[in-house]
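Asker: There's a structure below that I have some questions on.
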Amino acid sequence: MKIATTLIVWVYLVTATILEVVIYSEFPGSTLINLSIGILAASKAVLIVMYYMHLKYEPRPIQYLILPPTFLVAVLILTLVFSVGH
Amino acid sequence: MDPINGGQARIMNSWLRRWLFTTYHKDIGLLYFVTSLWFGFIGSILALLIRTQLSVPGNTLLSPGSYDQAVTMHGLIMILWFLSPLAIGLANYFVPTQIGAADLALPRLNALGYWLYLAGGLMAALGFFMPGGNANSGWTSYAPLSSAQYSPGPGPTFAFAGLILLAVSITLGSVNFLLTIAYLRAPGMTFSKMPMFTWFIAFTMLQMLLAFPTLISALLMLMADRVIGTFYFTSSSGGALLWDQLFWFFGHPEVYVVLLPAFGVVAEILPVFSGRHLAERKVILGATALIVVPLSYLVWTHHMFITGINLSTQEVYSVSTLIISLPFDLIILAFIGTMTRGRISLKTPMLFAIGSILLFIIGGITGVFLSSFVLDVVFRGTYYVVAHFHYVMVGAAIFGLIGGIYYWLPKMTGRMYNERVGKVHFVLSFIGFNLLYFPMFFLIDMPRRYSTYPADAGWTGLNQLATVGAFIFALAQIGLVYNLVSTVRSGPIAPPNPWGAETLEWTSPVSEQPVSTGRDDNRMGGSGLWDSPLRAVLPIGTPHQNIGSSTGPILGMGAGGMPGGGTKGDYAHGAEHQSSRPVSLGLAAVVSVLGIGLLQYWYGLPVLFLGGAILAWTLVGWARDDLHGRFSIDELLGQRWPFHETVKLKLGMWIFLTTEVVVFGSILGSYLFIRSQVPYWPAPGSIHDIPLGLTNTLVLLTSSLTVVVAVHAIREGNQRLLLAGLCSTFILGAVFMGIKGSEWYQLFHLENAFNFTAGLPASVYYFTTGLHGAHVLAGMLVTLYLIKRTLNGGFSKENHFAVENFGLYWHFVDILWVFIFPLFYLI
Ligand code: HEM
Ligand SMILES: [Cu+2]
Numbered sequence: 016m017k018i019a020t021t022l023i024v025w026v027y028l029v030t031a032t033i034l035e036v037v038i039y040s041e042f043p044g045s046t047l048i049n050l051s052i053g054i055l056a057a058s059k060a061v062l063i064v065m066y067y068m069h070l071k072y073e074p075r076p077i078q079y080l081i082l083p084p085t086f087l088v089a090v091l092i093l094t095l096v097f098s099v100g101h
Numbered sequence: 091m092d093p094i095n096g097g098q099a100r101i102m103n104s105w106l107r108r109w110l111f112t113t114y115h116k117d118i119g120l121l122y123f124v125t126s127l128w129f130g131f132i133g134s135i136l137a138l139l140i141r142t143q144l145s146v147p148g149n150t151l152l153s154p155g156s157y158d159q160a161v162t163m164h165g166l167i168m169i170l171w172f173l174s175p176l177a178i179g180l181a182n183y184f185v186p187t188q189i190g191a192a193d194l195a196l197p198r199l200n201a202l203g204y205w206l207y208l209a210g211g212l213m214a215a216l217g218f219f220m221p222g223g224n225a226n227s228g229w230t231s232y233a234p235l236s237s238a239q240y241s242p243g244p245g246p247t248f249a250f251a252g253l254i255l256l257a258v259s260i261t262l263g264s265v266n267f268l269l270t271i272a273y274l275r276a277p278g279m280t281f282s283k284m285p286m287f288t289w290f291i292a293f294t295m296l297q298m299l300l301a302f303p304t305l306i307s308a309l310l311m312l313m314a315d316r317v318i319g320t321f322y323f324t325s326s327s328g329g330a331l332l333w334d335q336l337f338w339f340f341g342h343p344e345v346y347v348v349l350l351p352a353f354g355v356v357a358e359i360l361p362v363f364s365g366r367h368l369a370e371r372k373v374i375l376g377a378t379a380l381i382v383v384p385l386s387y388l389v390w391t392h393h394m395f396i397t398g399i400n401l402s403t404q405e406v407y408s409v410s411t412l413i414i415s416l417p418f419d420l421i422i423l424a425f426i427g428t429m430t431r432g433r434i435s436l437k438t439p440m441l442f443a444i445g446s447i448l449l450f451i452i453g454g455i456t457g458v459f460l461s462s463f464v465l466d467v468v469f470r471g472t473y474y475v476v477a478h479f480h481y482v483m484v485g486a487a488i489f490g491l492i493g494g495i496y497y498w499l500p501k502m503t504g505r506m507y508n509e510r511v512g513k514v515h516f517v518l519s520f521i522g523f524n525l526l527y528f529p530m531f532f533l534i535d536m537p538r539r540y541s542t543y544p545a546d547a548g549w550t551g552l553n554q555l556a557t558v559g560a561f562i563f564a565l566a567q568i569g570l571v572y573n574l575v576s577t578v579r580s581g582p583i584a585p586p587n588p589w590g591a592e593t594l595e596w597t598s599p600v601s602e603q604p605v606s607t608g609r610d611d612n613r614m615g616g617s618g619l620w621d622s623p624l625r626a627v628l629p630i631g632t633p634h635q636n637i638g639s640s641t642g643p644i645l646g647m648g649a650g651g652m653p654g655g656g657t658k659g660d661y662a663h664g665a666e667h668q669s670s671r672p673v674s675l676g677l678a679a680v681v682s683v684l685g686i687g688l689l690q691y692w693y694g695l696p697v698l699f700l701g702g703a704i705l706a707w708t709l710v711g712w713a714r715d716d717l718h719g720r721f722s723i724d725e726l727l728g729q730r731w732p733f734h735e736t737v738k739l740k741l742g743m744w745i746f747l748t749t750e751v752v753v754f755g756s757i758l759g760s761y762l763f764i765r766s767q768v769p770y771w772p773a774p775g776s777i778h779d780i781p782l783g784l785t786n787t788l789v790l791l792t793s794s795l796t797v798v799v800a801v802h803a804i805r806e807g808n809q810r811l812l813l814a815g816l817c818s819t820f821i822l823g824a825v826f827m828g829i830k831g832s833e834w835y836q837l838f839h840l841e842n843a844f845n846f847t848a849g850l851p852a853s854v855y856y857f858t859t860g861l862h863g864a865h866v867l868a869g870m871l872v873t874l875y876l877i878k879r880t881l882n883g884g885f886s887k888e889n890h891f892a893v894e895n896f897g898l899y900w901h902f903v904d905i906l907w908v909f910i911f912p913l914f915y916l917i
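Going line by line, the protein sequences match chains A and B. Its first residue numbered 16, the first sequence is counted upward by one per residue in the working numbering. Its first residue numbered 91, the second sequence is counted upward by one per residue in the working numbering.
Take a look at the structure:
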């Protein structure tokens with residue numbers, strides 16, 4: 016990986032973070048905004064995993080390793096949030 | 091000096107050193123084995139107390155309070171300190187030998203796992219002797235019963251902290267075993283040839299890997315509730331339900347964690363004693379890998395059918411529970427198929443294996459009824475459930491594992507056990523067990539966990555049958571103890587492969603046993619098969635396949651457990667492979683937990699500090715060992731598919747990170763759950779300082795950049811840039827912690843102090859950011875070590891994996907913050 020890529024990723028991370036704060040302070044509270052903040056955060060996470068943690072350049076089996084826990088956490092969170100009420 | 095006494099002292103000394111400092115898998119295996127039997131003994135005493143109490147209606151032998159403690163600790167000790175560790179003991183001993191590895195991938199971590207397990211168990215047992223007694227909220231530790239309000243005192247705190255130590259031990263162990271099985275197989279030992287026991291241990295570890303982290307998080311939150319007064323599980327906004335979800339997310343996979351090793355043992359024993367190959371090996375493996383393991387994570391709410399979760403959730407989980415019972419049918423059919431066309435030899439291991447299958451069938455069928463949420467409403471909380479899970483946990487799992495003990499005893503000791511005693515042991519166990527639990531299927535209206543019952547309920551007769559059965563079952567275990575002791579002491583020398591088994595462990599020499607009298611005899615143990623290592627690695631099922639003669643010698647070396655030949659017996663790990671650090675970390679854990687449990691007294695804090703000091707001292711020592719290369723392991727080349735392109739420690743780190751994902755996933759999930767339950771939440775910006783949080787986020791993101799620079803630098807061999815990168819990372823980490831600290835300080839000193847006990851928003855904030863901060867701090871300590879090592883010239887273009895691995899960890903901690911910041915500051 017080139018050092019330039021590293022820097023670009025860093026610039027994105029910083030920009031996205033500032034964007035999160037800006038979005039929040041412009042229109043706090045709505046579901047849509049919360050969602051977009053969540054998406055920004057997730058995009059940052061993906062970039063860090065892919066480039067800083069090098070997952071993009073790892074062999075397939077290593078790349079697959081991270082899927083089961085991510086999936087399980089998603090199931091756990093969905094069950095937690097949606098099992099009550101309705 | 092008296093020469094004889096001097097000699098004895100020296101022997102004693104080296105004996106102690108061996109068992110305290112060992113990192114060798116067979117030694118650790120024996121430690122687990124013996125320790126788990128002791129915990130089994132303690133658990134049995136509690137069980138007999140329970141059964142005696144219930145033998146007559148209105149009994150007052152145990153007060154309701156003591157009864158609750160007995161039931162709670164019986165369950166916890168039996169499941170977590172006896173059953174699983176017994177399997178881990180066998181796994182430690184035999185997984186490396188079955189795959190031809192010299193040891194586990196990370197021997198010191200393995201030793202650490204044992205000491206944390208023991209430390210946790212001691213703390214849990216210590217709870218009985220505390221004022222107020224031990225934990226009494228059931229093995230499920232349901233909230234809010236487990237809170238400081240309803241279970242006050244140091245006893246429950248010790249038990250829950252002990253559970254944390256245990257869960258950490260198991261999580262580390264699962265990383266270690268998976269890494270070993272993935273990475274250290276001997277040449278020729280492909281997955282398709284891997285023995286069934288190793289396969290099932292791999293499945294077990296896969297379940298532990300992602301199930302126990304949730305338990306760790308849940309217990310950490312529980313401890314925070316108990317010790318610093320947060321409200322995770324005590325709030326009326328779903329606190330009890332939150333515990334249920336987290337506990338059973340762990341708890342259901344845990345039932346398979348208990349079961350699968352026994353299936354692995356049974357799958358080894360059946361073919362050997364049926365004189366034919368295991369039927370449908372691929373079907374068994376496929377069904378377990380593709381259905382049981384993944385689905386076991388997706389059925390947990392069947393334990394919560396009456397907690398008020400909504401109907402659609404119940405339906406989904408009822409169906410998934412039904413589905414997961416199907417692969418078990420396949421497995422059982424394959425097991426039976428193996429026997430039907432074979433020439434069965436009813437030796438003790440086989441008897442226990444068959445017993446295990448029979449009892450599993452009963453336990454499994456009764457479980458299917460429970461998976462219907464309609465029926466479960468009736469059965470839940472009754473002795474029917476008690477009968478169901480004892481048929482699977484004791485019947486299937488313990489019978490299977492005892493079969494494994496008999497099966498491998500000749501290999502572990504070099505001696506034969508007494509067959510007749512073994513058979514009597516089986517028959518009495520089988521009768522006693524059924525007498526104990528079968529009557530409970532008829533107690534469908536008797537509630538469990540009650541300390542007594544009225545005489546006119548009509549339950550007396552069945553309860554008395556059960557109590558008689560319990561004593562028969564318990565006394566029958568004298569047979570096991572007798573056989574263990576007498577085999578080690580004076581059993582006849584066993585042939586190297588008494589059962590004619592085909593798996594690799596039978597070719598490895600018997601290790602020297604400290605308890606054995608005739609070391610020389612033992613050494614002869616395995617040599618008989620050394621001339622045919624090829625035969626040994628051949629898979630059950632394809633005896634004619636040729637794996638290529640060139641692998642022969644290498645294989646023999648791996649199987650000997652010692653690179654460089656096996657003539658001396660395979661306890662070849664001398665002083666350089668002993669380490670005092672694991673046991674000393676175990677000690678640090680014990681002392682720290684003592685301190686935490688006793689915080690309510692004035693001496694709690696000093697004790698906690700002492701624990702911290704031992705911890706710090708040990709970590710420094712561990713780091714120095716590494717700096718001086720005192721514990722380096724040679725790696726033999728082996729079968730590494732599909733991970734052949736990855737460095738061992740990197741693979742280990744990635745596996746470890748999967749557990750961390752679940753730890754923090756469940757913590758953030760708890761936060762989201764609480765947010766969905768609590769109607770009022772302080773508006774963003776009203777409590778947390780957003781500009782400060784933003785600054786800190788940028789600091790941490792930048793520290794990731796400096797780590798990338800450091801890794802980059804050393805890949806090019808640039809040590810000065812590496813040093814600069816590491817130092818900047820350390821400084822940025824320190825800045826992050828500094829800002830964090832000042833934030834906490836300000837919040838504490840707000841007009842309406844926003845402290846630990848200021849309500850749910852404060853609870854989740856302090857707990858989550860606190861745990862994250864602890865991770866940052868740990869990372870900073872590692873940076874210090876790396877800096878020191880860089881200064882020593884310890885890294886080069888070729889040798890930089892430690893830096894890379896640290897990078898993985900640090901970025902991960904960074905990612906956590908990427909989520910924590912918006913969740914806590916902006917939303
Ligand atoms: C395979 C080995 C199994 C083990 C070790 C096991 C273990 C357990 C345990 C410990 C409980 C009690 C939970 C409590 O404390 O309340 C339990 C309950 C239950 N088991 Fe199993 N089980 C096994 C197999 C099955 C199977 C095959 C099924 C269904 C297909 C099943 C379905 C259930 C259900 C639905 C419950 C909830 C009962 C209740 O508490 O209301 N189990 N099981
Ligand atoms: Cu379950």
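Each residue gets a CB set at the ideal place from its N, CA and C atoms; glycine is no exception.
(1) Distance, Cα to Cα, residue 727/B vs residue 758/B?
(2) On a Cα-Cα basis, can you pick out the residue from 779/B, 356/B, 574/B that is closest to residue 835/B?
(3) Since residue 755/B meets chain A, which of its residues come closer than 9 Å, beta carbon to beta carbon?
(4) Taking the alpha helix (DSSP H) that residue 500/B belongs to, which residues open and close that run?
(5) Is it true that the CB of residue 160/B sits closer than 8 Å to the CB of residue 139/B?
(6) Quick one: measure Cβ to Cβ for residue 760/B and residue 336/B, integer angstroms, because I've assumed they're closer than 8 Å.
(7) Are any of the Cβ atoms in chain A nearer than 8 Å to that of residue 205/B?
(8) Since I believe residue 790/B is in contact with residue 827/B (beta carbons under 8 Å), could you give me their beta-carbon distance rounded to a whole number of angstroms?
(9) Against residue 59/A, what residues of chain B qualify as contacts under a CB-to-CB distance less than 7 Å, listed in chain order?
(10) Consider the Cβ of residue 67/A: report whether some Cβ of chain B lies at a distance smaller than 8 Å.
(11) Determine the burial state of residue 338/B: buried for a count of at least 16 other Cβ atoms within 10 Å of its Cβ, exposed for fewer.
(12) By the 7 Å beta-carbon criterion, what residues does the segment 111-144 of chain B contribute toward chain A?
(13) Which residue spans inside the segment 135-179 of chain B form an unbroken alpha helix (DSSP H) run of at least 4?
(14) Secondary structure at residue 54/A, three-state DSSP: helix, strand or coil?
(15) In the DSSP assignment, the alpha helix (DSSP H) including residue 580/B goes from what residue to what residue?
(16) For the segment 344-353 of chain B and the segment 485-496 of chain B, state whether three or more C-beta atom pairs, one from each stretch, are separated by less than 8 Å.
(17) Within the 8 Å Cβ cut-off, does residue 370/B reach chain A?
(18) Return yes when at least one heavy atom of ligand 2 lies under 7 Å from the C-beta of residue 342/B, else no.
(19) Out of 408/B, 878/B, 703/B, state which residue places its alpha-carbon closest to the alpha-carbon of residue 715/B.
(20) Examine chain A for any beta-carbon lying closer than 8 Å to the beta-carbon of residue 802/B, and answer yes or no.
(21) In chain order, what residues of the same chain lie with their CB nearer than 7 Å to the CB of residue 519/B, ignoring the 5 residues before and after it?
(22) Please state whether DSSP places residue 275/B in a helix, a strand or coil.
(23) Give me, in chain order, the residues of the same chain whose beta-carbon lies closer than 6 Å to that of residue 694/B; leave out the 5 immediate sequence neighbours on both sides.
(24) Hey, does residue 51/A have any beta-carbon neighbour from chain B nearer than 8 Å?
(25) Would the segment 441-460 of chain B and the segment 304-312 of chain B be scored as touching if the rule is three or more Cβ pairs under 8 Å?
(26) Between which two residues does the alpha helix (DSSP H) carrying residue 483/B extend?
(27) Excluding the five sequence neighbours on either side, which residues of its own chain have a C-beta within less than 7 Å of the C-beta of residue 740/B, listed in chain order?
(28) Please state whether DSSP places residue 729/B in a helix, a strand or coil.
(29) I need the straight-line Cα distance from residue 91/A to residue 756/B, nearest angstrom please.
(30) Looking at residue 244/B: is its Cβ nearer than 8 Å to the Cβ of residue 225/B?
(31) Using beta-carbon positions only, say whether residue 383/B and residue 407/B come within less than 8 Å of one another.
(32) I'd like to know if residue 796/B contacts chain A, where contact means its C-beta is closer than 8 Å to some C-beta of that chain.
(33) Cβ closer than 9 Å: which chain B residues qualify as neighbours of residue 39/A?
Answerer: On the basis of the data shown:
(1) 41 Å
(2) 779/B
(3) 84, 85, 87, 88, 89, 91, 92
(4) 489-503
(5) yes
(6) 7 Å
(7) no
(8) Rounded, the Cβ-Cβ distance is 10 Å, inconsistent with contact.
(9) 908
(10) yes
(11) buried
(12) none
(13) 154-166
(14) helix
(15) 550-580
(16) yes
(17) no
(18) yes
(19) 878/B
(20) yes
(21) 563, 566
(22) strand
(23) 685, 688
(24) no
(25) no
(26) Counting along the chain, residue 483/B falls outside any alpha helix (DSSP H), and DSSP gives it neither H nor E.
(27) 891, 894, 895
(28) strand
(29) 7 Å
(30) no
(31) no
(32) no
(33) 774, 775, 780, 912, 915, 916, 917
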